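First comes the structure, then the notes that go with it.
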Amino acid sequence: MQKIVPANIRDIQDGPRKSISRPPTFIEKHCNSVFGWATYFFAWLTVLLVLYIVCIIAIQAAPAIRDYGLGFITGTTWDANTHQYGVLPEIWGTMYSSLLALVIGSLFGVAVAVFLSEHFLSSFVFSIEKLFGVQFHSFWGKLPDKFEQILKNLIELLAAIPSVVYGLWGIFFVIPLIRPVCDWLNTNLGWIPIFNTTLSGPGMLPASIVLAIMILPTVSAISLNALLAVPPKLREASYGLGATRWETILAILIPTASKGIFGSIILAFGRALGETMALAMLVGNANVISWSLFSPANTLAALLANNFPEAGPKEVGVLMFAALILLAITLFVNMIGAFILQKASTPNEGAR
Amino acid sequence: MVQNAQNLSSAPNPANGNGKSVVIDCNITELYYGKFKAVRDTRIPIERNRITAFIGPSGCGKSTVLRCLNRMNDLVRGFRFEGHVHFQGADIYHPSIDPVAVRRYIGMVFQQPNPFAMSIYRNVAFGLKLNGYKGDREERVKRALCAAALWDEVKDKLHTSALSLSGGQQQRLCIARAIATEPEVLLMDEPCSALDPIATRRIEELMLELKESYTIAIVTHNLQQAQRVADKTGFLYVDTTQGGRTGYLVEFGLTKQLFEDPKEKHTQDYIHGRFS
Amino acid sequence: MTDIVTSVPVPSNKIDSDIVIDSGELEKSLRRPRTAFNYIMSSLTTLVTIIALIPLFSVVLMLVVRGGQRLSLGLFTQLPPAAFEHGGGFGNAIVGTLVMVGVAALISVPFGILSATYLAEVAPYSRLSNVVRMCGKILTGFPSILAGVFAYGSVVLVTGGFSAIAGGIALSILMLPTVILTAEEAIHMVPAKIREAALGMGATQMQTVWMVLLPTAFPGILTGVMLAVARAAGETAPLLFTALFSNYWLISGGRLDLMQPTSSLAVLIYNFSAMPFQNQIELAWAAALILVLVVLTVNLIGQSLSRK
Ligand SMILES: Nc1ncnc2c1ncn2[C@@H]1O[C@H](COP(=O)(O)OP(=O)(O)OP(=O)(O)O)[C@@H](O)[C@H]1O
Ligand SMILES: [Mg+2]
Numbered sequence: 001m002q003k004i005v006p007a008n009i010r011d012i013q014d015g016p017r018k019s020i021s022r023p024p025t026f027i028e029k030h031c032n033s034v035f036g037w038a039t040y041f042f043a044w045l046t047v048l049l050v051l052y053i054v055c056i057i058a059i060q061a062a063p064a065i066r067d068y069g070l071g072f073i074t075g076t077t078w079d080a081n082t083h084q085y086g087v088l089p090e091i092w093g094t095m096y097s098s099l100l101a102l103v104i105g106s107l108f109g110v111a112v113a114v115f116l117s118e119h120f121l122s123s124f125v126f127s128i129e130k131l132f133g134v135q136f137h138s139f140w141g142k143l144p145d146k147f148e149q150i151l152k153n154l155i156e157l158l159a160a161i162p163s164v165v166y167g168l169w170g171i172f173f174v175i176p177l178i179r180p181v182c183d184w185l186n187t188n189l190g191w192i193p194i195f196n197t198t199l200s201g202p203g204m205l206p207a208s209i210v211l212a213i214m215i216l217p218t219v220s221a222i223s224l225n226a227l228l229a230v231p232p233k234l235r236e237a238s239y240g241l242g243a244t245r246w247e248t249i250l251a252i253l254i255p256t257a258s259k260g261i262f263g264s265i266i267l268a269f270g271r272a273l274g275e276t277m278a279l280a281m282l283v284g285n286a287n288v289i290s291w292s293l294f295s296p297a298n299t300l301a302a303l304l305a306n307n308f309p310e311a312g313p314k315e316v317g318v319l320m321f322a323a324l325i326l327l328a329i330t331l332f333v334n335m336i337g338a339f340i341l342q343k344a345s346t347p348n349e350g351a352r
Numbered sequence: 001m002v003q004n005a006q007n008l009s010s011a012p013n014p015a016n017g018n019g020k021s022v023v024i025d026c027n028i029t030e031l032y033y034g035k036f037k038a039v040r041d042t043r044i045p046i047e048r049n050r051i052t053a054f055i056g057p058s059g060c061g062k063s064t065v066l067r068c069l070n071r072m073n074d075l076v077r078g079f080r081f082e083g084h085v086h087f088q089g090a091d092i093y094h095p096s097i098d099p100v101a102v103r104r105y106i107g108m109v110f111q112q113p114n115p116f117a118m119s120i121y122r123n124v125a126f127g128l129k130l131n132g133y134k135g136d137r138e139e140r141v142k143r144a145l146c147a148a149a150l151w152d153e154v155k156d157k158l159h160t161s162a163l164s165l166s167g168g169q170q171q172r173l174c175i176a177r178a179i180a181t182e183p184e185v186l187l188m189d190e191p192c193s194a195l196d197p198i199a200t201r202r203i204e205e206l207m208l209e210l211k212e213s214y215t216i217a218i219v220t221h222n223l224q225q226a227q228r229v230a231d232k233t234g235f236l237y238v239d240t241t242q243g244g245r246t247g248y249l250v251e252f253g254l255t256k257q258l259f260e261d262p263k264e265k266h267t268q269d270y271i272h273g274r275f276s
Numbered sequence: 001m002t003d004i005v006t007s008v009p010v011p012s013n014k015i016d017s018d019i020v021i022d023s024g025e026l027e028k029s030l031r032r033p034r035t036a037f038n039y040i041m042s043s044l045t046t047l048v049t050i051i052a053l054i055p056l057f058s059v060v061l062m063l064v065v066r067g068g069q070r071l072s073l074g075l076f077t078q079l080p081p082a083a084f085e086h087g088g089g090f091g092n093a094i095v096g097t098l099v100m101v102g103v104a105a106l107i108s109v110p111f112g113i114l115s116a117t118y119l120a121e122v123a124p125y126s127r128l129s130n131v132v133r134m135c136g137k138i139l140t141g142f143p144s145i146l147a148g149v150f151a152y153g154s155v156v157l158v159t160g161g162f163s164a165i166a167g168g169i170a171l172s173i174l175m176l177p178t179v180i181l182t183a184e185e186a187i188h189m190v191p192a193k194i195r196e197a198a199l200g201m202g203a204t205q206m207q208t209v210w211m212v213l214l215p216t217a218f219p220g221i222l223t224g225v226m227l228a229v230a231r232a233a234g235e236t237a238p239l240l241f242t243a244l245f246s247n248y249w250l251i252s253g254g255r256l257d258l259m260q261p262t263s264s265l266a267v268l269i270y271n272f273s274a275m276p277f278q279n280q281i282e283l284a285w286a287a288a289l290i291l292v293l294v295v296l297t298v299n300l301i302g303q304s305l306s307r308k
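Residue numbers (our numbering), protein chains in the order written: chain Z, 1 to 352; chain D, 1 to 276; chain P, 1 to 308.
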């Protein structure tokens, strides 16, 4: 065998061999165990933090719970002077605005997810390039995928814009934009309950529209993952049977991904329930229970945002009670959403 | 505890007449991963300044046995074993022994090259840093890289990322990293499986060089390689008679003898390429 | 098309069988309901996707137009104007946002990385880890206003006043889950063979984490931190009644004072947007432009890091 190792290694190797291995020092060992305990401690701290948050809110709410009890949930007035407090209009407003936003947001979100998962954009760009015969060009050929990536990022950016900016935009763009439409609906179709008041600026509809935009990225991102996770063989089977693209989407893809899509919608619902700023700025802060889309209303989160800064000690307790109710509702909804998504991601028998 | 740890580093026992003292005495009666019995009845003495090779069909537990020798298996959940592994007379599975210390004396080169995502220099100096080496680090790094036959290729780019090297170079870097601290024993798990024939030759050259100063145990699928480099060879086989797939040591002895005059039928079949 | 017809053994006009395919059957035609439906749905989806992007472009456009016209250096150095005053800026709000996000990061980053290390490396399968992961998820969906309520109850009521510290603590609760979950993911993504290499050389667990895992996972962790910072910088609700607002610099007695009410860009936008004065509304737009620029930049940097 030819010697490949350079000769000079011999010289180096020939020096007295001395191992520098040593066991871990006292300090190393102790740092290591301190480190292990530190991570353990912080892991516990995360759990304790969540418990502590719940406790702080619950303890501060305790006097109000004792004083108002269930009447707080069914009461409809909020008056700091007479110490009459009830959050039924807020609960109504929270639910109504969130559901409205959910309907709009999830329709759009799922549509966007289908658009992205079915590569509508890239195949469109590809077919255009085909007209010019450049679809395999080194630069143009990459364009379809790039466009789609850009579109995906743009949708994600929707979620990055701070909610207060959406609120500002809602005041100066959405409200003026929809007002003529709302007025027309009110004068001509005013007999339908959802149109029976005029839009005098802030109101349920503008708030819900902005809220819908804010939850759209949540729905589309998680639904997209669910749609992409559908095994390609199912799609092929459907096409193989002669189904059109949309028959495949509606009959195979969406039902298969339905758990993921449903989970995303529930999580988005949780987001909508707890969203504060867009609502505090756009919903009108009026203690009203109304079916009308144009009537001002209030939500639990907006109530907290508006009343906390100037609240006296008594009102703080009551607000803590309202916060506790909000916490309970969002926790409940989020748990269900997380549970559904967990179920959706663990493969079931049929999917194998 | 400190007592025992010091035992590990203490000077080797006086060698017996022909200079062949057993550095690691490995005796595995039963070894489990969870409920799965992976290896049984394997006893292999690894001698100083010799190369000991483990051969056998895939899945027979060669890596498992090798990883027992420096307690890498402790990292696997559900790992359990009966028997003992003595390193220079000290039982490394004794409760008072720190597995971290064991691994500093018994280095390991893995099947896949696994350089850290840092510069070449820092990769090799990693062990020096771990062991708190105060002397001339550059000298040590150079010596390790020379010994791993990599110095000429990387001397101009010591501070570029190790991930920019080719697979074969990465594997030699991993060897350099393992020998930079000059551990007592070097365990190599199929070190050439990711390499081309030329790089393989270099590594084999290197092993023959290194055995002058180290003790080496190597797992290989390449029977010629075992014949070329190993002084002693152990053949492991899978026993499927009891339902599971449990590996065990069939035969252990001088390489020449094992290949030319195997005693067991399984060994004969295996080295002559006959499979039942 | 006609190929198929001719390949049928018997002439098609003779036998009136189901098997026979009329050549028209295979042609594309929008008159067939299935095809028309397919076409309409595709167009609708495209339309909906375009509509979904309108808000983004509209927001950006309005920010540039309405915020851009007030953009000047004075914005960064001056204090907010009083009711009928002209001019002014929001230098104090920028400082306040930076300080509070900084405080939040100082709390949540070490906290988050240490718990993530526990989850990813020290005891990935323990029951505690599962509980911590669940808590992380709960905190992710935690309404931001409740973080403010918590900081109010645990800091403002205890220290007796609104402060930058209270604001920072509220923000840190919102950053924490992002840091924990992304850092865990990033550490988890480090190939097992690299981890083995370090442990195989006799590194202690801490040395493995500190010298190998964290440096290798660094880009991923940084992405998480960036995303969390971007989110925190834009949060308003948790600051409303923890940091409150202030028209002055975050200074008392010549030194930085974190225990006094503090202004922030987000709260400034909220407060000024409701004022009936043109000057304040213009400032709100300018502040929104700067806030969005900062948030989007941090976001994009974070995303580009993770894609590498
Ligand atoms: N971490 C582990 N957990 C559970 N089982 C394992 C683990 N590692 C190995 N095994 C099992 O132990 C048996 C022996 O594996 P080992 O990796 O030692 O085989 P090997 O002889 O090295 O094979 P190869 O030549 O393919 O590398 C195999 O059946 C394998 O499935
Ligand atoms: Mg192996």
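Ideal Cβ positions, reconstructed from N, Cα and C, are used throughout, including at glycine. Note that this is a predicted model, so its numbers are computed, not measured.
Check                                                                                                                                                          : Outcome
Using the beta-carbon of each residue, which ones in chain Z are nearer than 8 Å to D:Glu184?                                                                  : Ser19, Ser21
Just to check, is the beta-carbon of D:Gly60 closer than 7 Å to a non-hydrogen atom of ligand 1?                                                               : Gly is not the amino acid found at residue 60 of chain D; the sequence shown has Cys there. Under cutoff, so the answer is yes.
When you compare each of Z:Gln135, Z:His119, Z:Glu118 to Z:Phe126 by their alpha carbons, which one comes out closest?                                         : Z:Gln135
Any C-beta of chain P sitting closer than 8 Å to the C-beta of D:Gly107?                                                                                       : yes
According to DSSP, is D:Ile28 part of a helix, a strand, or is it coil?                                                                                        : strand
In whole angstroms, give me the CA-to-CA distance for D:Leu258 and D:Tyr93.                                                                                    : 30 Å
Should D:Phe36 be flagged as near chain P, meaning a C-beta pair shorter than 8 Å?                                                                             : no
Give the residues from the segment 192 to 216 of chain P that approach chain D closer than 8 Å (Cβ to any Cβ), ordered along the chain.                        : Lys193, Ile194, Glu196, Ala197, Ala198, Leu199, Gly200, Met201, Gly202, Ala203, Thr204, Gln207, Met211, Val212, Pro215, Thr216
Can the beta-carbon of Z:Thr362 be found less than 8 Å from the beta-carbon of Z:Ala305?                                                                       : This structure gives no information on residue 362 of chain Z, because the portion of chain Z shown stretches from 1 to 352.
Measure the Cβ-Cβ separation of P:Pro81 and P:Asn279 and say whether it is below 8 Å.                                                                          : yes
With 8 Å as the threshold, decide whether the Cβ of Z:Thr39 is near any Cβ in chain D.                                                                         : no
Mark P:Glu85 as exposed unless 16 or more other C-beta atoms lie within 10 angstroms of its C-beta, in which case mark it buried.                              : exposed
Can you find a heavy atom of ligand 1 that lies under 7 Å from the Cβ of D:Ala38?                                                                              : yes
So, P:Leu63 versus P:Val292, is the Cβ gap smaller than 8 Å?                                                                                                   : yes
Which chain P residues sit within Cβ distance under 8 Å of Z:Met320?                                                                                           : Val149, Gly153
Is D:Val76 close to ligand 1? I mean its beta-carbon at under 7 Å from any heavy atom of the ligand.                                                           : yes
Which whole-angstrom value describes the C-beta separation of D:Gly61 and D:Gly247, a residue pair presumed to lie in contact below a C-beta threshold of 8 Å? : 3 Å
Would you report the Cα separation of D:Arg140 and Z:Val34, rounded to the nearest angstrom?                                                                   : 32 Å
Less than 8 Å between the beta carbons of D:Ile51 and D:Val23, yes or no?                                                                                      : no
Going by DSSP, which residues form a beta bridge with Z:Gln84?                                                                                                 : Z:Asp79
Buried or exposed: where does Z:Val103 fall if 16 or more other Cβ atoms within 10 Å of its Cβ makes it buried?                                                : exposed
Reducing DSSP to helix, strand and coil, say where D:Leu158 ends up.                                                                                           : coil
Per DSSP, what kind of secondary structure is D:Lys129 in: helix, strand or coil?                                                                              : helix
Does the Cβ of Z:Thr299 have 16 or more other Cβ atoms within 10 Å, making it buried, or fewer, making it exposed?                                             : buried
Closer than 7 Å: is that where the CB of D:Val238 sits relative to any heavy atom of ligand 2?                                                                 : no
DSSP state of D:Ser119, grouped into three classes?                                                                                                            : strand
I'd like to know whether the C-beta of D:Phe110 is nearer than 8 Å to at least one C-beta of chain P.                                                          : yes
Listed in chain order, which residues of the segment 244 to 255 of chain Z have Cβ atoms closer than 9 Å to some Cβ of chain P?                                : Thr244, Arg245, Trp246, Glu247, Ile249, Leu250
Is D:Thr241 close to ligand 1? I mean its beta-carbon at under 7 Å from any heavy atom of the ligand.                                                          : no
Check whether the Cβ of D:Gln112 lies closer than 7 Å to any heavy atom of ligand 2, and answer yes or no.                                                     : no
Does any heavy atom of ligand 2 sit closer than 7 Å to the C-beta of P:Glu196?                                                                                 : no
Report the residue from Z:Ala278, Z:Phe294, Z:Pro313, Z:Phe269 whose alpha carbon sits nearest the alpha carbon of Z:Leu99.                                    : Z:Phe269
Could you name the residues that DSSP lists as bridge partners for D:Tyr237?                                                                                   : D:Tyr248
Does any CB atom of chain P fall closer than 8 Å to the CB of D:Val100?                                                                                        : yes
May I have the straight-line CA-CA distance separating P:Gly96 from D:Leu75, to the nearest angstrom?                                                          : 47 Å
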